[in-house]
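Step one of this worksheet: look at the structure below.
Protein chains: 2
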Amino acid sequence: MTSVEEPARPNGRIRDAARTRAEILDVATHEFARAGYDGARVDEIAASTRTTKRMIYYYFGGKEQLFTAVLERAYGVIREAEQSLDVEHLDPVAAIRRLAELTFDHHEQHPDFIRLVSIENIHGAEHIAASEKLGKIGSPALDVIRRILESGQKSGLFTADVDAVDLHAMISSYCFFRVANRHTFGALFGRDLVAPARREHYRTMLGDMVIAYLTAERATD
Amino acid sequence: MTSVEEPARPNGRIRDAARTRAEILDVATHEFARAGYDGARVDEIAASTRTTKRMIYYYFGGKEQLFTAVLERAYGVIREAEQSLDVEHLDPVAAIRRLAELTFDHHEQHPDFIRLVSIENIHGAEHIAASEKLGKIGSPALDVIRRILESGQKSGLFTADVDAVDLHAMISSYCFFRVANRHTFGALFGRDLVAPARREHYRTMLGDMVIAYLTAERATD
DNA sequence: TCGCTAATGTACGAACTAGTACGTTAGCTA
DNA sequence: TAGCTAACGTACTAGTTCGTACATTAGCGA
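Protein chains in written order, with the working numbering: chain A, 60 to 280; chain B, 60 to 280.
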């Protein structure tokens, strides 16, 4: 019990603005994702921190701005992941499948992010609207899709008449639903959509679906 | 302003248990869907009602049970809609497309329901678990899908190796995402997924996607 | 090393919020 | 028509929750 790990601090007080800010963000992310915006308690967030509630208001201004900051960081993470996307060397079919699988993986690995997005939608995306960063964050994935799609459509491989945004929506919806709605779906239909044993099955299914859609022979009426 | 519509009531007090209960449920549905479980205020719900807060506790017992009752009724509505599903006379391809379109329409027409499901997922589907009704509500849609799928697979028309639950998840995810995530998606990508002008486009896209997936030629490796 | 300020802690309050104690009455039934 | 009870209303409370006023200090720069 008596500390050994602790660095020699005169009073237990350490000053590290960046660390304190980051720690608040970490804890707040979990708490907001766990309980929703209104369900989250700033006292609770503060208590799970090395510091006090005062610091939340000092660094972020209030609960609302804290949530916005949480969102900004969470979106920043996917943006980074998307930027490391490297599929342009593949043929269009393989590239799209790979992109879909990366989206699938990212959703699965970041359930907190999915919950935050659900929560933000309940609140009409008002925090995104209020954020300067999030408005112009863009989407590297969208650019990648655009290029793959163009290449595939030009070569005649892709017959579907979709643009990048709609295809992105299609892929996202599948990945998002699986994580976001796993509780109600599981409770109602008795199937765990995120069971590890079914993971590969659903990952393949997504790729099959998207490729089938893009390459299907269409009636020329 | 001075009432003319009002029926002659001695004191403004009318007794109608069923009506009062139903009105509370209506208002609560809106309020919960609007603000989330924790964001909703039972005082607010009561105020939007002809009656008082006391009645909410009289009829439902508490906020938690009220939310459960709201969910039960909302799920009851889709269940009814699904029961009127009549596609068995169509060939498998047309039947699946019709089913997908009905799902699409239902999601679009009941945004409050979609929000309630999102909210319930944030809370780990604990209210569904606590409800006796919801556990065994079943899904007529699932039975329909099962039959269509069997028929299509037997005839060799459908090549995909899916079961009804997974196909239902696929269709639902598309329909759900479009409505549930329209705010963040719109804010981030500048595209309104529920714009009336794009409605037909997305409806067709869903059918194309599902049919393409089910009927695609698959590598036999 | 001295002082200044960014960073931190404590204690508190005003407003809100779920829930309840208690009282009232409409309208059915015997 | 008398009385009983389901249905309803009022007023209140205990506990919570966001936010802040005020006090303190670590540690950097002059």
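Beta carbons are placed, not taken as given, at the ideal position from N, Cα and C, and that holds for glycine.
Keep in mind that this is a model prediction, so the values were computed, not measured.
{"Asked": "Near residue 104 of chain A, what residues of its chain come up, given a Cβ to Cβ distance below 6 angstroms and the 5 sequence neighbours on each side ignored?", "Found": "86, 87 and 90"}
{"Asked": "Assuming residue 146 of chain B and residue 158 of chain B make a contact with CB atoms under 8 angstroms, what is their CB distance in whole Å?", "Found": "6 angstroms"}
{"Asked": "Cβ of residue 60 of chain B less than 8 angstroms from any chain A Cβ?", "Found": "Any reading at residue 60 of chain B needs caution, since the residue's pLDDT is 36, under 50, leaving its predicted position unreliable; the model's value is listed next. With 8 angstroms as the cut-off, residue 60 of chain B does not count as an interface residue toward chain A."}
{"Asked": "Residues in its own chain within less than 7 angstroms of residue 313 of chain A by CB, not counting five upstream and five downstream?", "Found": "Within the shown structure, residues of chain A are numbered from 60 to 280, placing residue 313 of chain A beyond reach of any answer."}
{"Asked": "Is the number of C-beta pairs between the segment 225-243 of chain B and the segment 160-170 of chain B that are closer than 8 angstroms three or more?", "Found": "yes"}
{"Asked": "Taking only beta-carbon atoms, is residue 129 of chain B less than 8 angstroms away from chain A?", "Found": "no"}
{"Asked": "Since residue 155 of chain B is in the alpha helix (DSSP H), which residue starts that stretch and which ends it?", "Found": "151-168"}
{"Asked": "Give, in chain order, every residue of the segment 138-168 of chain A whose Cβ lies closer than 9 angstroms to some Cβ of chain B.", "Found": "none"}
{"Asked": "Do the CB positions of residue 141 of chain B and residue 200 of chain B come within less than 8 angstroms of each other?", "Found": "yes"}
{"Asked": "Going by the beta-carbon positions, is the gap between residue 119 of chain A and residue 198 of chain B smaller than 8 angstroms?", "Found": "no"}
{"Asked": "For residue 243 of chain A, go through chain B and note every residue whose CB falls closer than 8 angstroms to its CB, in chain order.", "Found": "176, 179, 180, 184 and 187"}
{"Asked": "Give the residues of chain A in contact with residue 262 of chain B, contact being defined as C-beta atoms less than 7 angstroms apart.", "Found": "Correct list: empty, because the minimum Cβ distance to chain A is about 13 angstroms."}
{"Asked": "Taking the C-alpha atoms as reference points, what is the distance between residue 277 of chain B and residue 210 of chain B?", "Found": "19 angstroms"}
{"Asked": "Would you say residue 171 of chain A lies against chain B (beta-carbon separation less than 8 angstroms)?", "Found": "no"}
{"Asked": "Tell me which residues share the same chain as residue 98 of chain A and place their Cβ nearer than 8 angstroms to its Cβ, disregarding the 5 neighbours each side in the sequence.", "Found": "none"}
{"Asked": "For residue 148 of chain B, count neighbouring Cβ atoms within 10 angstroms of its own Cβ and tell me buried if that reaches 16, exposed if not.", "Found": "exposed"}
{"Asked": "Along the segment 222-234 of chain B, what residues have a CB closer than 8 angstroms to any CB found in chain A?", "Found": "224, 225, 227, 228, 229, 231, 232 and 233"}
{"Asked": "Can the beta-carbon of residue 154 of chain A be found less than 8 angstroms from the beta-carbon of residue 207 of chain A?", "Found": "yes"}
{"Asked": "In chain A, which residues lie with their C-beta within 9 angstroms of the C-beta of residue 95 of chain B?", "Found": "95, 96, 97, 98, 178, 181 and 182"}
{"Asked": "Classify residue 232 of chain A as helix, strand or coil using the three-state DSSP reduction.", "Found": "helix"}
{"Asked": "State yes or no: is the C-beta of residue 184 of chain A within less than 8 angstroms of the C-beta of residue 227 of chain B?", "Found": "no"}
{"Asked": "Note down, in chain order, every chain A residue with its Cβ under 7 angstroms from the Cβ of residue 214 of chain B.", "Found": "By Cβ distance, chain A contributes nothing, its closest Cβ being about 18 angstroms from residue 214 of chain B, past 7 angstroms."}
{"Asked": "Assign residue 259 of chain B to one of three DSSP states: helix, strand, or coil.", "Found": "helix"}
{"Asked": "Using a Cβ-Cβ cut-off of 8 angstroms, state whether residue 275 of chain B counts as contacting chain A.", "Found": "yes"}
{"Asked": "If you reduce the DSSP assignment to three classes, tell me which class residue 216 of chain B lands in.", "Found": "coil"}
{"Asked": "Along chain A, which residues have their Cβ under 9 angstroms away from the Cβ of residue 237 of chain B?", "Found": "228 and 232"}
{"Asked": "I want to see whether chain B comes within less than 8 angstroms of residue 326 of chain A, judged by CB atoms only; does it?", "Found": "This structure gives no information on residue 326 of chain A, because the portion of chain A shown stretches from 60 to 280."}
{"Asked": "Does residue 258 of chain A get closer than 8 angstroms to chain B when you measure Cβ to Cβ?", "Found": "no"}
{"Asked": "Tell me the rounded alpha-carbon separation between residue 191 of chain B and residue 174 of chain B.", "Found": "22 angstroms"}
{"Asked": "Comparing alpha-carbon positions, which option in B:111, B:172, B:213 and B:115 lies nearest residue 137 of chain B?", "Found": "B:172"}
{"Asked": "Run through chain B and tell me which residues come within less than 9 angstroms of residue 248 of chain A, C-beta to C-beta.", "Found": "198, 201, 224, 227 and 228"}
{"Asked": "Can you list, in chain order, the residues of its chain whose CB lies under 6 angstroms from that of residue 221 of chain B, leaving out five sequence neighbours each side?", "Found": "none"}
{"Asked": "Is the CB of residue 271 of chain B under 8 angstroms away from at least one CB in chain A?", "Found": "yes"}
{"Asked": "What's the C-alpha gap between residue 244 of chain A and residue 117 of chain B?", "Found": "31 angstroms"}
{"Asked": "Would you check if the distance between the CB atom of residue 229 of chain B and the CB atom of residue 268 of chain A is smaller than 8 angstroms?", "Found": "yes"}
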